[in-house]
Every structure is written in structure tokens, then in C-alpha cells.
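Numbering (my numbering), first residue to last: 5 to 204.
What follows is a single structure, written as C-alpha cells, with notes after it.
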Amino acid sequence: MLYIAHRVNTVAQLANVPPEYGVELDLRDHGDRLVLQHDPFQGATGEDFETYLQQYRHGTMILNVKSERIEHRVLELLKRYPVRDYFFLDCSFPMIRVLVKSGEHRIAVRFSEYEPIESALALAGQVDWVWVDCFTRNPLTPETYARLKSHFKLCIVSPELQGRPVDTIPAYAAELEPYPFDAVCTKRPDLWRSALGEAE
């Protein structure tokens, strides 16, 4: 199981993440810079992505793209550092097609109660991951799970990322027990490890 710490956008935050965990981060461009920044219109306040990469000794990196068409610049930077376990999140469909044509498959497509399975399945065999979101509920059923899991690795979105209390994590983990998944993105990896019966 891959545990991904959500929204780790500074070197100081990264230093507090155990190295066995991965991170999800937000990337934007600001002029010639690639910066880590979730919210728009904040100027050049985000930290430099390259500085962050210099400190990275962790697990899977989820690259949440907040600016259109920066992916090739991100890939060029990644090549300079020993980060091989990553995937892009929230790329536009046109950009996904460009990346796939260039040979990049470390990409996630989305599935939720609002985002149809057909969009994900259209990219079966071309991208590696599905981001399984939970805006109001768990969207997986035995049928949708079987269809997705036969083509993709699944990254589950933890309920607190959609505004629910962290104490709902154990119940959500139990609800997902029939659906073995590959990764979870969460603010509380410790609670997920406990809920899944894994020792710290």
C-alpha cells in the first residue's frame, strides 16, 4: 500500500513527512519558474519545484497540475533528480493525449460519482492510474471496481480531503474492504495504516 501525504507544498512540510510516504503537491508556472502553490493569484510566493526536488527522498510523488501545459517542463526537471515513482493528476484530456503520444504513461484519470467510468476506460492501456474521488460517497461498486482494476492502479481519495471529519476514515476504509486498492491520498496516513491493520 502506498500512503500519499496530501498537499505537501514546502520543503519544511516535506521534512516532516516520513520517507516511506509519498506526497501530493500542486504545481504552477510563474514566468520561467515552476512553483509549488495550490491557490491561484498568489504571485511568486510558491517555493521552487527544483529546490524541492533537491530535498526529495520519499515515495510516490503525485504531481497535481494547476497550470495548463507545464507537464513537459516538469518532466525535464524530474529527469535531473532520482524521482521515478510519480504520476500526473488533473491534466486536461488534450494534454493527456500529448503525453501519451510522447510515451508518458505515469498519469491518473479521474473517477467519481460525478465523473463517468467511460472517460477513464477510454484511456485503458495508455495511463497507469485512476484517482477515485469521494465528493459525497464511495463511487465504487463491484462492477465499476472490476472494470477499473483490470486496467489501472487505483488511488483512493480520503474523505477528509472532501471536508468530512478525519474520524470517518476507519468507516470509509471498512467500506472499501471489498475493493483492494494501491494507494491512498490523505492528510492522515497514520489513521489509514491503523484502519488497514498495518503497524506504524
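Backbone N, C-alpha and C fix where the C-beta goes; we use that ideal spot for every residue, glycine too.
- Message: DSSP three-state label for V104, please.
- Response: In the three-state DSSP reduction, V104 falls in the helix class (H, G or I).
- Task: Determine, using beta carbons only, whether D132 and R168 come nearer to each other than 9 Å.
- Result: no
- What three-state label does DSSP hand Y60 in the structure shown? In the three-state reduction of the DSSP assignment, Y60 falls in the coil class, being assigned neither a helical nor a strand state.
- Task: Pick helix, strand or coil for V69, following the three-state DSSP scheme.
- Result: strand
- Task: Give the C-beta separation of Y118 and F97 to the nearest angstrom, bearing in mind that I take them to be a contact with Cβ-Cβ under 8 Å.
- Result: Not confirmed; about 16 Å, so no contact.
- Backbone CA spacing between L6 and E122 [nearest angstrom]: 26 Å
- Taking the alpha carbon of V136 as the point to measure from, which residue in L127, F91, C189 and V104 has its own alpha carbon closest? C189
- Message: By the DSSP assignment, the alpha helix (DSSP H) with T190 in it spans what residues?
- Response: First-last for T190: A187 to T190, but that is the beta strand (DSSP E), not the alpha helix (DSSP H).
- Query: Should the segment 171-180 be regarded as contacting the segment 190-202, the criterion being three or more beta carbon pairs within less than 8 Å?
  - Reply: yes
- Query: Do V102 and F156 come within 9 Å of each other at the CB atom, strictly closer than that value?
  - Reply: Not closer than 9 Å, so no.
- Check whether H62 and E108 have beta carbons under 9 Å apart: no
- In chain order, what residues of the same chain lie with their CB nearer than 8 Å to the CB of G26, ignoring the 5 residues before and after it? L6, Y7, I8, A9, H62, G63, T64, M65, I66, D89 and A187, listed in sequence order.
- Query: Are the beta-carbon atoms belonging to L180 and L125 less than 9 Å from one another?
  - Reply: no
- alpha helix (DSSP H) containing D194: first to last residue? P193 to A199
- Message: What would DSSP say about D33, mapped onto helix, strand or coil?
- Response: strand
- From E54, E51 and C95, residue whose alpha carbon lies closest to that of S71: C95
- Item | As assigned by DSSP and simplified to three states, the class of K83 | coil
- Unbroken stretches of the beta strand (DSSP E), 3 residues or longer, contained in the segment 139-169: Segments of the beta strand (DSSP E) lying fully in the segment 139-169: 157-161.
- Task: Could you pull out every residue in the same chain whose Cβ sits closer than 6 Å to the Cβ of G50, ignoring the five residues on either side in sequence?
- Result: V39, L40 and Q41
- Query: Alpha carbon to alpha carbon, how far is N68 from Q130?
  - Reply: 19 Å
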